Every structure is written in C-alpha cells, then in structure tokens.
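Chemist: Just so we're aligned, residue 616 is where the sequence shown starts under our numbering, counting upward by one.
Note that the Cβ used here is the ideal one computed from N, Cα and C, for glycine as well.
Just so we're clear, the structure is a prediction, and the values are computed from it rather than from any experiment.
Sharing a structure below in structure tokens format, with a few things to ask.
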Amino acid sequence: MRPRSKELQGILRSLHNGQLQTLVFTDASPQWVEEELDAYLREPILVNSLGNRPALPLSTRHMFCEVPGSATRRARLLAHMLDQDLTGETEEKDSKEETKPAEKALIFVPSKAEATLLSGHAMLRQRLLCLHEGLAPAEQQEILALFRTLPSQILITTDAAVKDLELPGVPLVVHVSAPANLEIYLNRIGRLQTAAPGKRRTRRAAGPATSLVLLPGHQSARLRELEQLVGKT
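Here it is, written out as structure tokens:
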C-alpha cells in the first residue's frame with residue numbers, strides 16, 4: 616500500500632459519517648486517489664477546476680531517472696535509453712520473424728539550444744529529427760512531414776514548436792529535464808499511444824506506453840511533484 620494512500624484512508628475513516636459533507640481538494644487526481652474516494656464516499660462528485668487540463672492517461676508506465684549535468688553524458692544516456700525502449704514492433708505473423716527497426720518517439724527539451732545540441736551529437740544525429748521554433752516555417756513543415764509519414768522516426772522538440780499541432784501517437788515520450796509544470800507534463804504524455812487495434816507489439820519491453828523523465832539532481836523537488844501526480848512514492 617502506498618504511504619499516501621494509507622494516510623488518506625486514515626483521514627477518510629475519521630470523517631466517515633453519513634451526516635457529514637466531505638470536500639477533498641487535490642492539485643492532481645491520480646487513479647489511486649479516486650479509488651480511495653469511491654471506497655469511503657457515497658456517490659462522490661469530481662469537479663475539475665482547471666477546465667480543459669488533460670487527464671492522466673491510463674496504462675502508462677511513468678519512469679524517472681537522474682542524469683549527469685554534462686551534455687555529452689546526457690546524449691550518451693539518451694542514446695542508450697532509446698536503444699532499450701525502442702526495439703521495434705512487428706505484427707505477430709511468425710514467432711521467428713525478426714524485429715523491425717525502432718518505432719516513433721517524442722523527446723521534449725527545455726530550449727531550442729538543447730534541441731540543437733543533443734540532435735547534433737555523434738550518437739544521435741543520424742537518429743533524430745530536430746524541430747524548434749527557431750527554424751524557418753518551410754523547414755518546420757518538412758520535418759513534420761517526415762515525422763508523420765515515415766516509420767521509425769524520433770522527433771526532438773520543444774513545447775512551443777509543437778503547440779496545437781496534430782502529431783502521430785507514440786509509445787514513448789522522453790522529457791530531458793523536468794517539465795516546467797504539471798500541466799505541461801500532462802499535455803506531453805497526452806501524445807502517448809498504445810499499439811494499434813488488431814496488432815500485437817512484439818517488443819523486448821512489451822507493455823504500456825512509457826513516459827521517461829531524465830532530470831538532474833537539483834530538480835528533486837519537481838520529481839516529488841511528478842511522483843505525486845502519477846501516484847508513485
């Protein structure tokens with residue numbers, strides 16, 4: 616049982632009375648919070664005061680990893696992570712069929728300078744499409760067309776560059792540095808997508824779509840916020 620879940624249970628038990636009206640306020644609503652409220656409250660009503668804030672996707676694997684400060688070491692770690700998480704997928708025609716090349720992924724970075732730096736690294740430059748707001752409109756459209764139409768593309772980008780754009784759903788979203796706030800995190804992982812209906816994914820790490828946050832040690836406070844959002848401890 617999660618420690619926070621146990622604490623919430625204790626509070627709800629102490630307030631459990633058919634004659635009381637109980638209001639619960641939270642800055643995030645992970646699945647475990649709603650499950651606890653359903654168990655102790657009668658016909659609870661959920662009010663989202665943030666309006667159109669995206670919901671936390673179900674069946675998503677949330678992973679957090681502390682990374683070194685050196686840009687070169689970040690690039691090496693990122694290349695290794697992509698090798699581990701993007702092992703390709705095939706339709707299950709023959710159990711001996713070889714795995715196809717890696718599938719699509721989105722990598723979010725905090726600035727166009729970081730996007731340029733990582734995409735130019737020797738271990739990544741042949742693998743990444745780089746999109747940021749500093750590119751000419753025609754170049755941006757060309758990169759977007761490649762990402763949308765070609766298989767096995769990995770797009771490194773900024774939030775500003777893809778704001779309001781329709782992009783293909785991906786099984787992996789990587790965040791290089793913690794997002795500025797929880798709403799940005801939710802918007803990013805809203806682009807995750809599981810395997811298409813009627814197809815089976817045969818990946819080394821088969822399972823739910825993955826959100827991977829790579830963050831330096833000084834962002835530990837932001838890490839705790841994200842863990843609270845997704846129900847981790």
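For I626, which three-state DSSP category applies?
Modeler: The answer is helix: DSSP assigns I626 an H, G or I state.
Chemist: Evaluate E681 with the Cβ neighbour count: other Cβ atoms within 10 Å of its Cβ, from every protein chain shown; 16 or more gives buried, anything less gives exposed.
Modeler: E681 should be labelled exposed.
Chemist: Cα separation between A686 and E651?
Modeler: Approximately 42 angstroms, taken between the alpha carbons.
Chemist: Please classify H695: does DSSP put it in a helix, a strand, or coil?
Modeler: The answer is helix: DSSP assigns H695 an H, G or I state.
Chemist: Please classify A824 as buried or exposed, where buried requires at least 16 neighbouring CB atoms within 10 angstroms.
Modeler: By the neighbour-count rule (16 or more Cβ atoms within 10 Å), A824 is buried.
Chemist: What are the start and end residues of each continuous alpha helix (DSSP H) run of 4 or more residues lying completely inside the segment 758-817, in chain order?
Modeler: The qualifying runs are 774-777, 797-804.
Chemist: Can you tell me where the alpha helix (DSSP H) holding A720 begins and where it ends?
Modeler: No alpha helix (DSSP H) holds A720; the beta strand (DSSP E) holding it covers 720-723.
Chemist: Below 6 angstroms CB to CB, which residues in the same chain sit around F723 once its five sequence neighbours on both sides are set aside?
Modeler: Answer for F723: H790, R803, listed in chain order.
Chemist: Do the segment 755-771 and the segment 727-745 make contact, defined as three or more Cβ pairs closer than 8 angstroms?
Modeler: Touching, per the Cβ criterion.
Chemist: Quick one: give me the first and last residue of the alpha helix (DSSP H) that S835 is part of.
Modeler: Residues 835-845.
Chemist: My output table needs one value for E729: the three-state DSSP class, helix, strand or coil.
Modeler: In this structure, E729 counts as helix in the three-state DSSP scheme.
Chemist: Identify the continuous beta strand (DSSP E) that holds V639 and give its terminal residues.
Modeler: Per DSSP, V639 belongs to no beta strand (DSSP E) and is neither H nor E.
Chemist: Note down the Cα distance separating L844 from R628, rounded to an integer number of angstroms.
Modeler: If I take the Cα positions, the gap works out to 23 angstroms.
Chemist: Report buried or exposed for R839, applying the criterion of at least 16 other Cβ atoms within 10 angstroms of its Cβ.
Modeler: By the 10 Å Cβ count, R839 comes out exposed.
Chemist: Hey, quick one: how far does the beta strand (DSSP E) through R676 stretch, first residue to last?
Modeler: Run containing R676: 675-681, per the beta strand (DSSP E) assignment.
Chemist: Nearer than 7 angstroms: is that true of the beta carbon of A760 relative to any heavy atom of the ligand ADP?
Modeler: Among the components modelled here there is no ligand, and therefore nothing to report on the ligand ADP.
Chemist: Mark D653 as exposed unless 16 or more other C-beta atoms lie within 10 angstroms of its C-beta, in which case mark it buried.
Modeler: Burial call: exposed.
Chemist: Exposed or buried, which one is S674 when buried takes at least 16 other CB atoms within 10 Å?
Modeler: S674 comes out exposed.
Chemist: Check the C-beta distance from V777 over to A720 and give it rounded, since I have them as a contact under 8 angstroms.
Modeler: Actually they do not touch by this definition, with Cβ atoms about 13 angstroms apart.
Chemist: Between the alpha carbons of A753 and R676, how many angstroms are there, rounded?
Modeler: If I take the Cα positions, the gap works out to 35 angstroms.
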